[in-house]
Structure formats: structure tokens, C-alpha cells
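Participant:
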Amino acid sequence: MHTAAASVFADLARPLGLDVDAQGRLATAWRYSLREVADHLLFIKQHLATIAQRDEMLTATIRRHSSKFVGYARQQLAYRLPLYLAAVRRVSEYETKMDLHGVAYARSSDAWEA
């Protein structure tokens, strides 16, 4: 194959860019997934704190958390961890798609790309 023809066909191998509406939908889905990750982390930290405080006493006779509530926290932790991992996976997939299509997104909370 000629060099000139190879460069033309190399351009065809790149994916077509998304229209503005599709870019907006992709960015919105990414933001919702990030919010979902943050929500799951908040609850996971609370469940872990509850489990860690299971033996703490408020007074000499009153526990900080009842055994029933600690059991509930363990149950919710087991329920929420797979949801958290799925949300992280979705964020990674959206970021891959955004990189592929040239959609700008923040790589950290204070580093927005133009």
C-alpha cells in the first residue's frame, strides 16, 4: 500500500466524533456515576464506623450501637460494596469513551480541562 493511501486509511480507523447532544449525554452519565460513587462511599464509611464502634459504651450499661443495628450495618455493607464497584466500573467505562471521542472531563476535583 502506498504511504499516502495508508495515511488516508489511518484517518478512517479513528472513531467518528460524537455530536454535541451525545457528548452532553455521555458527560451527564459520567457525572451521575461519579455522584453514585460518592454516595456509596459515604454509606460504606458509615457502615464501617458503626461496625468498628460495636463494643463502645455510651455509659457503663448502654452500648453505643445495638447488636441488631450492627448486624444491619454488616448486611448493608455487603449489599453496598458490589454496587460501589459497579459504579466505579461505569465511571471508568465512561472516561474511556470520553477519551476516545475527545470529550473533556475533570481528572481531579480542581483540574478541569477546557
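Each number in our numbering comes from the position in the sequence shown (counting from 1) with 152 added on. We treat Cβ as the ideally placed atom computed from N, Cα and C, and that holds for glycine.
Work out the CA separation of Q175 and V255 for me, nearest whole Å.
Facilitator: Counting from 1 along the sequence shown, the entry for residue 255 is found at position 103. Counting from 1 along the sequence shown, the entry for residue 175 is found at position 23. Cα-Cα distance, rounded: 7 Å.
Participant: With a CB to CB cut of under 8 Å and the five nearest residues on each side skipped, what residues in its chain are close to W182?
Facilitator: Working through the sequence shown from its first residue, we reach residue 182 at position 30. Cβ within range, chain order: V243, Y246, E247, M250, Y257.
Participant: Looking at E188: is its Cβ nearer than 9 Å to the Cβ of A230?
Facilitator: In the sequence shown, residue 188 corresponds to position 36, counting from 1. In the sequence shown, residue 230 corresponds to position 78, counting from 1. No, the Cβ-Cβ distance between E188 and A230 is not below 9 Å.
Participant: Take H217 and list the residues in its own chain whose beta-carbon comes closer than 7 Å to its own, dropping the five residues that flank it on each side.
Facilitator: The count along the sequence shown starts at 1 and reaches residue 217 at position 65. The answer, listed in chain order, is T202, Q205, R206.
Participant: Starting from G176, follow the alpha helix (DSSP H) in both directions and report where the run begins and ends.
Facilitator: By one-based count along the sequence shown, residue 176 stands at place 24. Here the alpha helix (DSSP H) through G176 covers 172-204.
Participant: With distance defined between alpha-carbon atoms, name the residue in K197, V172, D171, L210 nearest to L233.
Facilitator: Taking the first residue of the sequence shown as 1, we reach residue 233 at position 81. Closest by alpha carbon: K197.
Participant: As a quick exercise: from D173, R177, L186, T180, pick the residue whose alpha carbon is nearest that of L237.
Facilitator: Taking the first residue of the sequence shown as position 1, residue 237 is located at position 85. Among D173, R177, L186, T180, the Cα nearest to that of L237 belongs to L186.
Participant: How would you label A190, buried or exposed, when you count the other beta carbons within 10 angstroms and need 16 or more for buried?
Facilitator: On the sequence shown, position 38 is the one that residue 190 refers to. By the neighbour-count rule (16 or more Cβ atoms within 10 Å), A190 is not buried but exposed.
Participant: Since Q228 and H199 should fall inside the 8 Å C-beta cutoff, what is the C-beta to C-beta distance between them, to a whole number of angstroms?
Facilitator: Mapped onto the sequence shown, residue 228 falls at position 76. Mapped onto the sequence shown, residue 199 falls at position 47. Contact flag correct, Cβ pair sits at about 5 Å.
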